[in-house]
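> Sharing a structure, written as structure tokens. Questions coming.
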Amino acid sequence: MAQLMEDEVFRAFTTYAAIVTLKMMLMGPMTAYFRITRGSFTNEEDVARKSEEEKKKLLKSHPDVERVQRCHHNDLENVVPFFFIGLLYALTGPELSTALLHFRAFTAFRIFHTIAYINALPQPSRGLSYILGTLVMFSMAYRVLSTVFVL
Amino acid sequence: MAQLMEDEVFRAFTTYAAIVTLKMMLMGPMTAYFRITRGSFTNEEDVARKSEEEKKKLLKSHPDVERVQRCHHNDLENVVPFFFIGLLYALTGPELSTALLHFRAFTAFRIFHTIAYINALPQPSRGLSYILGTLVMFSMAYRVLSTVFVL
Amino acid sequence: MAQLMEDEVFRAFTTYAAIVTLKMMLMGPMTAYFRITRGSFTNEEDVARKSEEEKKKLLKSHPDVERVQRCHHNDLENVVPFFFIGLLYALTGPELSTALLHFRAFTAFRIFHTIAYINALPQPSRGLSYILGTLVMFSMAYRVLSTVFVL
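Chains as they are written, first to last, in my numbering: chain L, 19 to 169; chain D, 19 to 169; chain A, 19 to 169.
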């Protein structure tokens with residue numbers, strides 16, 4: 019095992035990074051589930067065996083499919099910077115307790131964000147979980163840039 | 019050179035990660051190619067020198083451009099978690115042969131996925147290559163979380 | 019602090035990776051700003067307190083919002099491979115001056131790309147900054163694959 023993995027903070031980062039990445043990956047099957055149950059596809063080859071009439075109906079967009087896709091896209095826009103900033107942050111050697119606080123908070127906000135998005139919970143539930151998750155990342159980025167700065 | 023690069027598994031990860039990232043990056047020029055040959059643009063400044071009539075025609079969407087964009091987006095949704103999970107996986111110190119199996123399988127499925135998507139090959143070619151690629155990532159994520167788990 | 023962070027090239031990578039990631043993250047608040055000032059939303063729960071008539075108006079797309087979203091998406095398509103390739107490149111132990119040249123050039127091109135996109139500057143300003151940024155990444159990828167290649 020690489021030396022990095024002997025570092026407790028790096029192991030914590032690995033755990034939470036894997037969890038939020040898996041959460042993001044689950045949006046793929048969830049999109050497929052909504053596509054099938056709502057009967058809404060985008061690619062012609064996905065409905066090739068259907069009659070012409072059915073094809074027309076199945077190739078229409080559906081609000082539920084579009085919602086889960088927006089949620090997936092929002093995950094990309096947030097989990098990607100979390101991984102980038104979080105990885106660099108873990109390498110700056112922060113206190114384990116401080117690092118865990120950051121990783122746990124981001125993970126919790128992101129999971130709540132998905133629940134709020136998919137179920138269309140009243141605002142500001144979704145907006146707030148996005149903003150708080152972003153603040154966690156800014157806090158980590160501040161530590162990274164104030165520790166390591168070679169312009 | 020960093021010590022990490024002396025590790026055979028990490029070198030293998032580096033090779034395959036670079037290959038799938040380059041493959042994903044090639045979707046950019048491919049989109050440009052389809053935009054130009056199909057005459058389909060999105061930004062007004064891209065068709066600024068044309069006549070008003072031509073502009074209207076050129077600013078319409080085209081199914082081939084949308085297809086390559088969906089393919090690019092799907093790459094983002096899959097290559098991103100592969101890099102995240104794969105990097106952490108490589109650091110857990112797996113057997114070289116097992117690691118190579120994972121990296122090679124994912125890379126092959128992803129390249130096949132692009133071919134199936136761009137050429138609109140009959141299903142389940144595209145769906146299957148997506149599912150198999152995802153299973154490879156789940157297998158690596160299982161190893162990561164079972165080796166390193168600090169909640 | 020991890021040993022990696024004692025390496026000058028890795029510290030330079032960390033600095034520029036954090037900067038472009040933060041730049042990408044700022045596209046989120048910028049989208050929110052355009053949504054609010056242009057009155058253009060996508061999710062019904064975001065306009066829940068408005069009258070039925072207002073809702074209809076607010077749930078329409080607006081070209082400025084779509085433009086900033088395309089810019090954000092383009093960032094994802096470019097900052098993601100920069101982080102992947104750049105991280106691996108930094109680990110191959112290049113000369114500090116060469117590495118800085120790559121990181122600085124990519125960062126400058128990406129910031130200019132955003133300015134050109136949001137302000138719809140005449141082409142080829144946006145196209146050129148995209149192409150030059152991509153060439154920087156290809157140059158780093160070449161170094162990665164020619165140094166470390168385990169197929």
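Where is the CB? At the ideal position from N, CA and C, for every residue including glycine.
(1) I want to see whether chain D comes within less than 8 Å of A:Thr39, judged by CB atoms only; does it?
(2) List the residues of chain A whose Cβ lies closer than 8 Å to the Cβ of L:Thr116, in chain order.
(3) CB-CB under 6 Å to A:Ile202, same chain, minus the five flanking residues each way: which ones, in chain order?
(4) Using only alpha-carbon positions, find the residue among L:Leu44, L:Ala20, L:Ser164, L:Met23 that is nearest to D:Asn12.
(5) Can you check which of these residues, A:Ser58, A:Leu146, A:Phe167, A:Ala138, is closest to A:His80 by C-alpha distance?
(6) Between which residues of its own chain and L:Thr49 is the CB-CB distance below 8 Å, once the five residues before and five after are set aside?
(7) Where does D:Ser143 sit, in a helix, a strand or coil, going by DSSP?
(8) Checking contacts by CB at 8 Å: is A:Asp25 closer than that to chain L?
(9) If you reduce the DSSP assignment to three classes, tell me which class A:Lys41 lands in.
(10) Can L:Ser143 and L:Phe127 be called in contact, C-beta distance under 8 Å?
(11) Output yes if chain A places a C-beta closer than 8 Å to the C-beta of D:Gly111; else output no.
(12) Against chain D, does L:Phe16 count as a neighbour if the rule is that its beta carbon must be under 8 Å from one of theirs?
(13) Should D:Thr32 and A:Val38 be called a contact, given that it needs their Cβ atoms to be closer than 8 Å?
(14) Taking only heavy atoms of the ligand FAD into account, decide whether any of them is closer than 7 Å to the Cβ of A:Gly104.
(15) Using a Cβ-Cβ distance under 8 Å, would D:Glu95 count as near chain A?
(16) Give the range of the alpha helix (DSSP H) segment to which D:Ser115 is assigned.
(17) Taking C-beta to C-beta, are A:Ala20 and A:Leu114 nearer than 8 Å?
(18) Identify which residue in A:Leu76, A:Thr55, A:Leu109, A:Thr132 has its Cα closest to the Cα of A:Lys41.
(19) Would D:Phe121 pass as a contact of D:Gly151 if the rule is Cβ separation under 8 Å?
(20) Report buried or exposed for A:Ala117, applying the criterion of at least 16 other Cβ atoms within 10 angstroms of its Cβ.
(21) Strictly under 8 Å for the Cβ-Cβ distance: is L:Thr33 near chain D by that measure?
(22) Under a Cβ-count criterion, where at least 16 other Cβ atoms within 10 Å of its own Cβ denotes burial, should L:Tyr51 be classed as buried or exposed?
(23) So for L:Val27, helix, strand or coil by DSSP?
(24) Below 8 Å on C-beta distance, what does A:Arg56 contact in chain D?
(25) Determine, using beta carbons only, whether L:Leu139 comes closer than 8 Å to chain A.
(26) Tell me which residue opens and which closes the alpha helix (DSSP H) that D:Gly104 is part of.
(27) May I have the straight-line CA-CA distance separating L:Leu106 from D:Ala36, to the nearest angstrom?
(28) Express the C-alpha separation of L:Gly46 and L:Pro112 in angstroms, rounding to a whole number.
(29) Can you tell me which of the three DSSP states D:Val73 falls into?
(30) Using a C-beta cutoff of 8 Å, does D:Thr49 count as contacting chain L?
(31) For chain A, is any of its Cβ atoms less than 8 Å away from the one on L:Met155?
(32) What residue from D:Leu76, D:Asp93, D:Val168 has the CA that sits closest to D:Ile54's CA?
(33) Hey, how far is the Cα of A:Thr60 from the Cα of D:Glu24?
(34) Could you tell me which chain D residues have their CB closer than 8 Å to the CB of L:Phe98, listed as they occur along the chain?
(35) Less than 8 Å between the C-beta atoms of D:Thr110 and D:Val166, yes or no?
In terms of the structure at hand:
(1) no
(2) Per Cβ cutoff of 8 Å: no residues; L:Thr116 is ~14 Å from chain A at best.
(3) Since the first and last residues shown for chain A are 19 and 169, residue 202 of chain A lies out of range.
(4) Residue coverage of chain D in this structure runs from 19 to 169, which leaves residue 12 of chain D outside it and unanswerable.
(5) A:Ser58
(6) Val83, Val86, Gln87, His90
(7) helix
(8) no
(9) helix
(10) no
(11) no
(12) Outside the shown range of chain L, which is 19 to 169, sits residue 16 of chain L, and nothing can be said about it.
(13) no
(14) Judged by which ligands are present, the structure shown has none, so any question about the ligand FAD falls away.
(15) no
(16) 114-136
(17) no
(18) A:Thr132
(19) no
(20) buried
(21) yes
(22) exposed
(23) helix
(24) Chain D residues near A:Arg56: none, gap ~17 Å exceeds 8 Å.
(25) yes
(26) 81-109
(27) 20 Å
(28) 34 Å
(29) Val is not the amino acid found at residue 73 of chain D; the sequence shown has Lys there. The answer is helix: DSSP assigns D:Lys73 an H, G or I state.
(30) no
(31) yes
(32) D:Leu76
(33) 49 Å
(34) A small correction: the amino acid at residue 98 of chain L is Val; Phe does not occupy that position in the sequence shown. Residues of chain D passing the Cβ test: Val98.
(35) yes
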